[in-house]
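*Asks:* Residue numbers (this note's numbering): 5 to 396.
From the three backbone atoms N, C-alpha and C, an ideal C-beta is built for every residue, glycine too.
Being a predicted model, the structure only gives us computed values, none of them experimental.
Before I ask anything, here is the structure I am working with.
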């Protein structure tokens, strides 16, 4: 009975510890306890029980009592380690299992981490286009003005320079504006009276002059008439930014220079004066040598080519238009002519009379012009004139 009581006590202790351990541990402890009881049960069969009970009917001797107590004490000492050791091991296993269970991540937390890992690249992919979009919008629209394959766009303001001359009409300017992938609105204004002022128009002056373009890429503006032009362009972006541009002066000139005072193919004395007129005059050549006009009246003097009586006059403007005259120059014997100015000194001259200058170059007092020898000379008023001869 005493041994069965101890078994029951061990089973109760296992059940108490099992409340703190997982169910699987409690079942294992119960199975081990039942196994321990089954091992001890053969000692307590019915016959053995009767044998145990029979001595209780009689008074045990002092020696038997002492031996019985000694046996029971020894049995307890042997039995208690068997119960205590498994329980201690089960408790340690239970604690290890609990700590392992607490440290191991649950499936839901793993999925949460996976979802978080998937979200980070999505945020990065979303931020990149926004940053790129802001970078594109930070730039103002770019304006291009093409003419004859060259971009003529300049900043608004400043002094207008005239460096584009064309000798034929129907010049076509192509204007475009862009701001990355965003669309823009394009406007332009063609100033057809640009030569009135050489100063660029301002934003305020242009505010009421803009004409909307039909397209933002390749919009054509045609220069059909002679004149000086400046094209102004404005581009508005969807983000509110505005860009301005202009061209330098563009000149359409189809008219050749005009030569006055002589006729093509005529014969004239050397030194005969003639004029050249052209708004865009570039040069005047006489016998393929540069000719300079007189500062007094802006006229040129006919001069024969060396060892010849011919004179070729070539007048050319900046647009490439050209006028060519070929005339004959009369030869005179300088020594025999009474109207010859042959050396330095004072001469009494009459208006409308042709005088012949001798060799070398000549200057007239009060006139900074240098006159070439071998040419005729005229004065506007009668009077005394002082000439100085400069030999080459």
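1) With distances taken from CA atoms, which of 218, 225, 376, 269 is nearest residue 295?
2) Touching or not, the segment 299 to 311 and the segment 378 to 395, by the rule of three or more beta carbon pairs under 8 Å?
3) In the DSSP assignment, find the alpha helix (DSSP H) that holds residue 207 and state where it starts and stops.
4) Do you know whose CA, among 254, 387, 287, lies nearest residue 234's CA?
5) Decide yes or no for the touch test of the segment 319 to 327 against the segment 254 to 265: beta carbon pairs closer than 8 Å, at least 3 of them.
6) Output the boundary residues of the beta strand (DSSP E) element that contains residue 327.
7) Which of helix, strand or coil does DSSP assign to residue 198?
8) Can you tell me whether residue 299 is helix, strand or coil according to DSSP?
9) According to DSSP, simplified to helix, strand and coil, what is residue 186?
10) How long is the line joining the alpha carbons of residue 156 and residue 370, rounded to whole angstroms?
11) Specify the secondary structure class of residue 322 as computed by DSSP and reduced to three states.
12) Quick one: using the 10 Å Cβ neighbour count with 16 as the cut-off for buried, is residue 2 buried or exposed?
13) Considering only the alpha carbon of each residue, which of 166, 366, 359, 212 lies closest to residue 298?
14) Check whether the segment 264 to 273 and the segment 204 to 222 touch, using three or more Cβ-Cβ pairs below 8 Å as the test.
15) Quick one, which of 359, 361, 352 has its alpha-carbon nearest residue 389's?
16) Taking all protein chains shown into account, do 16 or more other C-beta atoms lie within 10 angstroms of the C-beta of residue 247, making it buried, or fewer, making it exposed?
17) Counting C-beta neighbours from all protein chains within 10 Å, is the total for residue 372 16 or more, i.e. buried, or is it exposed?
18) Residue 249: which of 168, 191, 291, 172 sits nearest, CA to CA?
19) Go ahead and label residue 350 buried or exposed: buried means 16 or more other beta carbons lie within 10 angstroms of its beta carbon, across all protein chains shown.
20) Spatial neighbours of residue 386 within its chain, please: C-beta separation below 6 Å, excluding the five flanking residues on both sides.
21) From residue 245 to residue 287, what distance separates their C-alpha atoms?
22) How do the segment 143 to 163 and the segment 178 to 197 stand: do at least 3 beta-carbon pairs fall below 8 Å, yes or no?
23) If I measure Cβ to Cβ from residue 193 and keep anything under 7 Å in the same chain, skipping five residues before and after, which residues do I get?
24) With which residues is residue 305 paired in a DSSP beta bridge?
25) Find out if the Cβ-Cβ distance for the pair residue 277, residue 238 is shorter than 8 Å.
26) Please classify residue 243: does DSSP put it in a helix, a strand, or coil?
27) State the DSSP-derived secondary structure class of residue 173, mapped to helix, strand or coil.
28) First and last residue of the beta strand (DSSP E) that includes residue 372?
29) Taking 8 Å as the threshold (C-beta atoms), are residue 224 and residue 176 in contact?
30) If you reduce the DSSP assignment to three classes, tell me which class residue 268 lands in.
31) Could you name the residues of the same chain whose beta carbon sits closer than 6 Å to that of residue 202, not counting the 5 residues immediately before and after it, in chain order?
*Replies:* Taking the geometry as given:
1) 376
2) yes
3) 207 to 210
4) 254
5) yes
6) 326 to 334
7) helix
8) coil
9) strand
10) 47 Å
11) coil
12) There is no way to answer for residue 2, as the model of the chain reaches only from 5 to 396.
13) 366
14) no
15) 352
16) buried
17) exposed
18) 191
19) exposed
20) 354, 355
21) 46 Å
22) yes
23) 210, 213, 214, 215, 236
24) 277
25) no
26) coil
27) coil
28) 371 to 376
29) yes
30) coil
31) 163, 164
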